[in-house]
Structures are given as C-alpha cells and as structure tokens.
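Report on the following structure.
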Ligand code: ADP
Ligand code: MG
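Residue numbers (the working numbering): 23 to 659.
Spelled out as structure tokens, the structure:
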C-alpha cells in the first residue's frame, strides 16, 4: 500500500508555481499587472539577459504598508477580492493572490515599497518564498520588485528555458501587451541598459499604438469603433492592403486585459472576407469594454482566456465595427512607389498616413438587421453611389446588340425615392431579360464621386483618372470584377441568366460530369442552364447574365474545381468562391478595347469608394500624387 502524505505548503507552492510562472515573460506580465492594479501611472520594466537572472519592475502606485508586504507573498493573499460576489465581476488584472507566491517560490526577490504619503518604506528579501530580511527603508513612493535567478531551485524548469534572446523577446512582448492595453498608463521597457519601448500614457489609443508598434504598422490602421448591446469596441484594424501572413499582429483587449480569443479572431476575419486574399490575415488593436459581470476571466491561471456570457453579442460588436471601418476607408490604397522609384526619392522620408477616421454607421444600424442576413449579404450592404442620371444612356451596349461580348451595364441606377431598408439589399429577382439595375441603399451617407477627368487608358489595362492633385490608376479588370461580384451577391440566390442564341456543348473531363449532375440546383441558382446531351456531353443553354459566353467551359471547369475543394468549407464560402469565378468571367479583360463611357462607369465606382479591392483582395486602384511625380522629375527634392 502506498503511504499518502499531504504535501508541504512549500512543495505545493512550487508545483502550483508552474501554472502561473512558465518563463521570465510570465513574471513580467504578473508584475506589470500588479503595478497597474496598484494605480500606477508610470511603470518601468528592466531586464538583463533573457530575464531569468534579473527582472526589475518599478511603479509609482499605491505601495504597501509593512503588514501588507509581509503577507503579499503568501498563497491566496490578495487585496483585490473579498467574497464570492466579487468573483462575479472582476475589475482588476489580478484577483487570485497567486502570482507573488508563485514567483517567490522559484526565485530570489528584493522588494522595496512605500505607500503614498507614508514617512518611510519597507525593504524585504525573500528566497524560495521565505522572508530572509525585512527592514524599514528610505525609498520612493510606490513599489520596486526585483526578481533574480528565476528557477534557481527548480533545475528541471531552468533546462526548458530557451536562448536569452528568445526569452527576452517574450518578456518584451508580455510587457508590450500590457502597455498596449492601457493607453492611459506609461510603460517603459529597458533591456540590457537600452530602452526598447516607451508608451506616453496620454490616454490616446493612437499614440500608444504608434509608440509601441511603430510608424509602419500604425500607418496601415483604420479607426474602428462600434457598440452592440453594452459591448463597446474601439481601436484600429488594418487596411486590407496590409494583410499579414499570420495572426501575430492581432491584439485584443477585454477591459484592458490582453486576451486570446478565437471568437474575436473569427469576428474580425469575417469582416475581411472578400477583401483579403486567402492565407492573409488582418491585424488589429481592438479594445472591448463591457460590464465586468459579462465576462469571466477566471478560466485559467494566466487569465489570457476569457468566457463571454453572450458570445454572439460580442461577435457582432467586433464584426460590425470592423466592417464599418473597412467601408469607411479612404478611396484608394496609397500604394508606395516601387523600390527603384524610392531610391530616386529617398531624400524625403515617406510620411505616415494619419490613422483615418471612419464614419460610424448610424446608431440603429446594428439593431436593424440580424447578423445572419447582414453576413449573408456581405458587401452588398455597401452604400451605392448616388444615382447620376446624366450618365450617357444611349451608349448602353445591351446584350441584344452584342450578345457575345461582356460589357458593362451602363443603365442609370434607379433614381430612388424608395429608401431600401438599412444594409441588406432586398433584391427582388427581376424577370429574366430586364436590365440589371443596382438599387441604391441609403444607410450610411452615400459617398459622392469627386470631380475628375478621365485622362485615358494605358496599355489597354489601366484607366488613368485625374482627381485634384492626384492621378488615380485603375485596373479595369479588377474594378469590374469587384462590381460584378457585389452585384451578383446582391442578387442573393437568384443570379440573372442570359439565354444563349447558340447553345454551347461541352465535354467535361474526369469527375466533372458527376459534379455537374450533383450540383444541378446550385448551377441553376447561378444562372447556368445545363443538361446532359448524349453519352458524355452537356449542353449549356444559358449562362449568368453578363458572362462572356466564350468563357463558359473554363468557368464551369473552375466551378467544378471549387466544388471539389470546397467540400470541407461552409456553403457560403463555396458560394462566394463560385461568385468570384462568375464575376471574373463576366469582367472586361485587360487587353480589350473598352469604350470611354464604360471607363467612366468604372472610374465613378472606384472614386466613390464603393469599389476598393477585387474579390481576391488586390487593390483596384493606385494613387500617384503630384508630389510623387514632382519628386521623380526632381522638380522638388
Ligand atoms: P493578486 O494580484 O491576484 O492579488 P499577487 O500575488 O499578484 O495577487 O499580489 C498579492 C497582493 O500584493 C496584491 O493583491 C496587492 O495587494 C499586493 N501587491 C502586489 N504587487 C503590488 C504593487 N506593485 N503595488 C502595491 N501592491 C502590490
Ligand atoms: Mg497579481
């Protein structure tokens, strides 16, 4: 029979310490959070090496009286939680009373602390959790905690530490996350005597982000705000042109606490659907503020995971806030000049683009629709440009006169006295044959088209438009593809179809035939009319309106490919992917001759801000300023 023993408190502490103190970075996090909870305005973190030998955190917070300092290192000793009720709404970073006990169990600690206004302070030394020395001492108000020789008494843990370099950068990241979460507090980080970052603590999110993440990251961010049923969202999200290869630059904060959350990540990324390439991720610094009782932070000792009592509300808050930030983005991506151009103009550093403000949708914007309808409509919810009846009408190339050529629909948009419900476009499927007319949606102010002059088309690919002091170059295919995609999406599952004068026969290869059979209903919704013909052939009698008939076979091949790959994805994803194909096949191509009226339609769509990225996330336009050109020609240096 084994003999059961109750572990000594010391051994129990050492075991428990493993949960809270994994590496030097955990010490940094816990000490900075304690400083925040102590009401500090300024916090300085100093590291030596990777942090395991030396971490010092100094704050100007409330400090501790000697009797408090004496018990602070005991397990479950905390000033932040009194009773069970308190556990239901935690407003401080700490509350478990574990960190100091855990850290001190596996290190040597030196503490000096003086409460505000007290005549003198206290100096304490601890080793492996035991107090070695405790004396009155002269010291500044606030608290300084030095943690030395982390894991000196747990060699097994020490062995698992990585190189100094990677431990130190983990420490830096831990401090940065704390600092980013609290723009009203100033945090300085010094590593081996060198200042690594400093946040000003002026309470402004933008200056906090700028100082911590740097100019480049800050210049690619769009202001993002929103509110949904008591969940307030503020902060910044990245412009789709600044997509990243990973999610490392996604920072979420809940009531000032850095958290990891797959829910928030999904809400954010959902908003970027159709404006970011697959495999690219948005970055963000988003602050969620909600009632303490609405979120449980007591999920894990490290407290970076939380549970929201109403996940959907939180999801929607983030999703809509991000979406409206994207909709409000400036007209075109300011694409930096190419490297070679840069070298010519290197004399003047590029100015950071000011973090721009986005119009916040009207208050009832959120309440007026269910998340599902909104999501299902996606970009269709984008406000349309005001109807412009002066648009050339006679030049409209209808399907009848050019049945086999894809042309832009030049019909003026319905002049609207009818105000559609907010966001979702309730498109009644028009009877086949009527022209496709976009209905203006008037939820947010309709963006106006600025005065402009079409200079011409270059290389049969790029449309050149002069707007004020800028030249806007528009990729005509990409812009048209986006317009098509939005139009198709707005038609929901009733894509208009065009009957072919001469049906197309095709012979699918491999298992494409099977896919065509299995997905007959879906293809009908897309506007294809297909039936088997003979042994191995299929006859196509109708294709989606606007599609170039010459592309029928290749479009169907692509759709089959997407169906094959899409099995694991959600239905909406597959549908969107397929719409991409149709949108692309219906778009004017680079290399084609395009009429000037058609170019005008494209220019207006882009200049009004309705069309920014092609469905794959590539920008549809690039802006070159007079300054850029003047620099190239060395008119200015
Ligand atoms: P918790 O933060 O969960 O309360 P800790 O072990 O981190 O637990 O800290 C224990 C207690 O020590 C805190 O509740 C607080 O009263 C006190 N304390 C810790 N750090 C500081 C500090 N920098 N300034 C003032 N008091 C502190
Ligand atoms: Mg703590």
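Cβ atoms here follow ideal geometry from the backbone N, Cα and C, with glycine treated the same way.
These numbers were taken from a predicted model, which means no experiment stands behind them.
Test item: CB-CB of residue i and residue j under 8 Å
i	j	result
residue 83	residue 164	yes
residue 562	residue 525	yes
residue 231	residue 244	no
residue 302	residue 265	yes
residue 290	residue 336	no
residue 307	residue 273	yes
residue 338	residue 268	no
residue 475	residue 485	no
residue 197	residue 127	no
residue 329	residue 317	yes
residue 565	residue 522	yes
residue 506	residue 568	yes
residue 639	residue 348	no
residue 480	residue 627	no
residue 536	residue 648	no
residue 596	residue 577	no
residue 344	residue 259	yes
residue 496	residue 487	yes
residue 194	residue 72	no
Proximity test, residue i beta-carbon vs the ligand SAH heavy atom, cut-off 7 Å
i	result
residue 156	Ligands present in the displayed structure are limited to the ligand ADP and the ligand MG, and the ligand SAH is not among them.
Contact set for residue i: own chain, Cβ-Cβ below 8 Å, skip 5 residues either direction
i	result
residue 400	Here the model assigns residue 400 a pLDDT of 31, short of 50, so the residue's position is not dependable, and the following value carries that caveat. Hits under 8 Å: 295, 296, 511, 598.
residue 555	527, 561
residue 327	281, 282, 283, 321
residue 35	97, 123, 124, 127, 151
residue 473	489, 490
In DSSP terms, what residue i is bridged to
i	result
residue 135	144, 165
residue 272	306
residue 66	80, 210
residue 332	In the DSSP output, where bridge partners are listed per residue, residue 332 has none listed.
residue 564	521, 551
residue 635	641
residue 311	254
residue 280	275
residue 89	Per DSSP, none; premise fails for residue 89.
residue 528	560
residue 580	Paired residue(s): none; residue 580 is not in a bridge.
Contact set for residue i: own chain, Cβ-Cβ below 7 Å, skip 5 residues either direction
i	result
residue 504	633, 635, 636, 637, 642
residue 33	none
residue 606	503
residue 25	none
residue 203	275, 278, 279, 280
residue 234	198, 201, 202, 219, 221
residue 425	Here residue 425 scores only 28 on pLDDT, less than 50, and its place in the model should not be relied on; the value that follows carries that caveat. So the list reads 523, once near-sequence residues are dropped.
Residues of its chain near residue i, where Cβ-Cβ distance is below 6 Å and the 5 sequence neighbours each way are ignored
i	result
residue 78	68, 168
residue 62	81, 82, 83
residue 136	85, 143, 161, 163
residue 122	94, 95
residue 64	82, 208
residue 192	47
residue 220	210
residue 111	314, 315
residue 133	146, 167
residue 397	Residue placement at residue 397 is poorly supported in this model, since its pLDDT is 35, which falls under 50; the coordinates still yield a value, given next. Result list for residue 397: empty, nothing under 6 Å.
residue 256	247, 309
residue 173	128, 179, 180
residue 103	117
residue 76	70, 170
Limits of the unbroken beta strand (DSSP E) element including residue i
i	result
residue 497	492-497
residue 605	Premise fails: residue 605 lies in the alpha helix (DSSP H), 593-607, not in any beta strand (DSSP E).
residue 159	152-159
residue 475	475-480
residue 257	253-260
residue 248	248-250
residue 488	484-489
residue 702	Residue 702 lies beyond the range of the chain shown here (23 to 659); nothing can be said about it.
residue 515	That residue, residue 515, is in no beta strand (DSSP E); it is neither H nor E in DSSP.
Residue interval of the alpha helix (DSSP H) (run including residue i)
i	result
residue 718	This structure cannot speak to residue 718, because the chain is shown only from 23 to 659.
residue 59	46-59
residue 227	227-235
residue 195	186-203
residue 109	106-110
residue 538	534-540
Neighbour flag for residue i against chain C, beta carbons, 8 Å
i	result
residue 273	Note that chain C does not occur in the displayed structure, where there is just one protein chain.
Q) Should the stretch 79-99 be called in touch with the stretch 170-183, which here means at least 3 C-beta pairs below 8 Å? A) Proximity of the stretch 79-99 to the stretch 170-183 falls short of the contact definition, fewer than three beta-carbon pairs being nearer than 8 Å.
Q) Are the stretch 299-316 and the stretch 277-290 touching, with three or more C-beta to C-beta distances below 8 Å? A) yes
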